[in-house]
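Each remark here refers to the structure printed beneath this line.
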Amino acid sequence: MPPYAFFHKQFMPLSEAKIGILTHALHYGTACFD
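Number 333 in the numbering used here belongs to position 26 of the sequence shown; there are no gaps in the numbering.
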């Protein structure tokens with residue numbers, strides 16, 4: 308069974324959950340919290 312992610316209000320295989328290269332969280336780390 309492949310790993311799943313909750314992305315855009317639905318569950319999907321992790322391999323299909325993609326974000327754009329210009330996403331704010333990717334550039335500035337705003338999605339990384341403890």
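For glycine and all other residues, C-beta sits at the position ideal for the given N, C-alpha and C.
Residue interval of the beta strand (DSSP E) (run including Ala312):
311 to 314
Based on DSSP bridge pairs, tell me the residues matched to Met319.
According to DSSP, which records beta bridges pairwise, Met319 is partnered with Ala312.
Hey, could you find the ends of the alpha helix (DSSP H) Leu333 is sitting in?
331 to 335
Cα-Cα separation between Tyr311 and Glu323, rounded to whole angstroms:
9 Å
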